[in-house]
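Trainee: So our numbering is basically just the index in the sequence shown, starting at one, shifted up by 175. Cβ coordinates follow ideal geometry from the N, Cα and C atoms, glycine included. Remember, predicted model here, so these are calculated numbers, not experimental data. Shown below is the structure under consideration.
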Amino acid sequence: MQLRRSARLLTAAGALLLAAPVLTSCGFDYATDKPYTPGAGTNHQDSDIDVLGAVVVSAENGSGTLITSFSNNNQDDDASVTGIAGAGDTADLTVGDFDPIDIPAGGLVNLADSDTPVTIEGDFETGDFLTLEFTFGDGSTATVDLPSVPDCYEYAGLDSTAETGTPPADCEPEPATAEH
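This is the structure we're talking about:
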């Protein structure tokens, strides 16, 4: 009887040992294991320079100001953004002239704090997604789809292309209407 119990226990332990790798890998590569930064802006983190929280703030249809942060992941060398242009379906966008944006090694530059804003003009309105291609000093590029947002709330006053901002009353969402 003792031998039979030991055999069953040994068999159960062996089965558990064989099943352990299969059972522990069920959670591999779930979306919860990936970085998630909630926000209205778009993040592009596939190169030495990260494009973070990118939006076009627009008080009026057809024009806006690019607001984003550039993070230089290279701790040894400075980097720069030398070009920004419309791409894809929004290739006809016009980006205003700007001096190259210098990013120190390991540093961050936020365009919301810039004295020389990057303006965008073209056929778009608030809520549209625009495709922009960023060209960096080393010749690499990043293509980013980013939203056009109204200059309300945290974006109030950031659209340098508008003579007047969006009136606060226009920032409030329209009340929902029930259809019967």
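Count the CB pairs spanning the region 295-309 and the region 317-327 that are closer than 8 angstroms, and state whether there are at least three.
Mentor: yes
Trainee: How about Asp252 and Ala280: are their beta carbons less than 8 angstroms apart?
Mentor: yes
Trainee: Provide the residue span of the beta strand (DSSP E) that contains Asp320, from first to last.
Mentor: Thr316 to Pro325
Trainee: Thinking C-alpha only, which one of Gly282, Ile259 and Thr265 is nearest Asp274?
Mentor: Ile259
Trainee: Under three-state DSSP, which class holds Leu307?
Mentor: strand
Trainee: For Asp277, report the span of its beta strand (DSSP E) as first-last.
Mentor: Ile276 to Ile278
Trainee: Measure the beta-carbon distance from Asn249 to Asp223 and round it to whole angstroms, keeping in mind my assumption that it falls under 8 angstroms.
Mentor: That pair is a contact at about 5 angstroms.
Trainee: Quick check: the Cα distance between Thr341 and Ala331, rounded to an integer number of angstroms?
Mentor: 8 angstroms
Trainee: Would you mind sorting Ala266 into buried or exposed? The rule is 16 or more other CB atoms within 10 Å of its CB.
Mentor: exposed
Trainee: Between which two residues does the alpha helix (DSSP H) holding Ala344 run?
Mentor: Its alpha helix (DSSP H) spans residues Pro343 to Cys346.
Trainee: Measure the alpha-carbon distance for Thr257 versus Asn218 and round it to whole angstroms.
Mentor: 19 angstroms
Trainee: State the Cα-Cα distance for the pair Arg180 and Ala195, rounded to the nearest angstrom.
Mentor: Near 22 angstroms, if we compare the C-alpha coordinates of Ala195 and Arg180.
Trainee: May I ask which residues mark the beginning and end of the beta strand (DSSP E) holding Gly239?
Mentor: Ser238 to Asn247
Trainee: Give the C-beta separation of Leu192 and Leu241 to the nearest angstrom, bearing in mind that I take them to be a contact with Cβ-Cβ under 8 angstroms.
Mentor: In fact, because the Cβ distance is near 57 angstroms, the residues do not count as touching under 8 angstroms.
Trainee: If the criterion is Cβ atoms closer than 8 angstroms, does the pair Gly237 and Leu268 meet it?
Mentor: no
Trainee: What do you reckon, are the CB atoms on Ala234 and Ala344 nearer than 8 angstroms?
Mentor: With respect to the 8 angstroms criterion, Ala234 and Ala344 are not classified as neighbours on the basis of their beta carbons.
Trainee: From the DSSP output, in three-state form, read off Leu283 for me.
Mentor: Residue state for Leu283 is assigned as strand, using DSSP reduced to three classes.
Trainee: Please look up how many angstroms separate the CB atoms of Leu283 and Ser244, rounded, as I've assumed it's under 8 angstroms.
Mentor: 6 angstroms
Trainee: Checking the sheet assignment: what are the DSSP bridge partners for Tyr217?
Mentor: It is worth fixing the name first, because residue 217 is Thr in this sequence and not Tyr. In the DSSP secondary-structure assignment, Thr217 is bridged to Ala229.
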